[in-house]
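The block underneath contains the structure these notes are about, expressed in structure tokens.
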Amino acid sequence: MGETVNRYALWLEPAHLHFHHGDSARVKVLWGQAMKRDKPDQPVNWTGLVKEPGGREFSVPVVMDRDGFNYELVFEGGPEGIYTAQVEHHAGQSHYLARVLVPFGHHVHGQGRPFNRGLEIVPGEYSEFSPGASVDLTVLFDGKPLAGTRVLATYHIYDGDGFIHELFTDENGALKFKFDARGHWMFRVHATGGEDEYIATLVIPGVR
Numbered sequence: 353m354g355e356t357v358n359r360y361a362l363w364l365e366p367a368h369l370h371f372h373h374g375d376s377a378r379v380k381v382l383w384g385q386a387m388k389r390d391k392p393d394q395p396v397n398w399t400g401l402v403k404e405p406g407g408r409e410f411s412v413p414v415v416m417d418r419d420g421f422n423y424e425l426v427f428e429g430g431p432e433g434i435y436t437a438q439v440e441h442h443a444g445q446s447h448y449l450a451r452v453l454v455p456f457g458h459h460v461h462g463q464g465r466p467f468n469r470g471l472e473i474v475p476g477e478y479s480e481f482s483p484g485a486s487v488d489l490t491v492l493f494d495g496k497p498l499a500g501t502r503v504l505a506t507y508h509i510y511d512g513d514g515f516i517h518e519l520f521t522d523e524n525g526a527l528k529f530k531f532d533a534r535g536h537w538m539f540r541v542h543a544t545g546g547e548d549e550y551i552a553t554l555v556i557p558g559v560r
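Going by my numbering, the sequence shown opens with residue 353, and the numbers climb by one from there.
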């Protein structure tokens, strides 16, 4: 649909589509508009967090990658399953949150897990997706569903500008999205609370 007014956002892309037990997961931390990368202001004051399949959370620093071009999260995987990687950026009254699910192991399935704080997009049953498959998404703010919220979607190899899909959540803050192209897909949502604004993204990588 080519949204004309793009907001900057953070988003995350894993270096690989899955990792193995004992691997170090590398997740790129990116900044820009509608998956078009831009150079962030320096220095960045982004914070990283990982939730394990069992629910344990731990902090992870956002660091410059080995090539010195992009930022990334690096963390060690424990048991097989779906890990949730998240990065936050708080700049005055603007709050940015980016999330991606990171599988450890082959053909791993699982559910997205809410953090129940701030604005977030939580996927339902998560596995390997192909064009034509659907994913359930729920938008929450401090753990409560946001009904009637606009969700924008695009993918990283889309050669146009802006977002190509616009959807709205139902009374339970939920929607179903059907993938119609290969690539890393990003979903973005915007909300306000008082004088603050919140922008959250979820990336589902490797639709193929």
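Heads up, the beta-carbon is just placed ideally off N, CA and C, and yes, glycines get one too.
Cβ atoms of G464 and P455 stay farther apart than 8 Å, at about 12 Å. When the alpha-carbon of R408 is set against those of R534, A437, R389, G495, the nearest one is in A437. Here D488 is bridged, per DSSP, to K528. If you draw a straight line from the Cα of A386 to the Cα of N524, it comes to about 26 Å. Counted as a single uninterrupted DSSP element, the beta strand (DSSP E) harbouring G400 occupies residues 399-403.
Cβ neighbours of E549 within its own chain (closer than 8 Å, five residues either side excluded): Q445, S446, H447, H542, A543. Shown here, R465 sits in coil according to DSSP, grouped into three states, outside any helix or strand.
R378: member of the beta strand (DSSP E) spanning 376-385, first to last residue. Between the beta-carbon of V414 and that of G429 there is about 18 Å, and that puts the pair past the 8 Å contact cut. No residue range can be given for P392, since it is assigned to no beta strand (DSSP E) and is classified by DSSP as neither H nor E. L369 has its alpha-carbon roughly 16 Å from the corresponding atom of P483.
Partner residues in the beta bridge of S446, as assigned by DSSP, are A443, E549.
In summary, M538 is buried, with 16 or more beta-carbon neighbours lying within 10 Å of its beta-carbon over all protein chains present.
Under DSSP, F427 forms a beta bridge with A377. Taking 8 Å as the cut-off, the beta carbon of H517 is found no closer than this to the beta carbon of A526.
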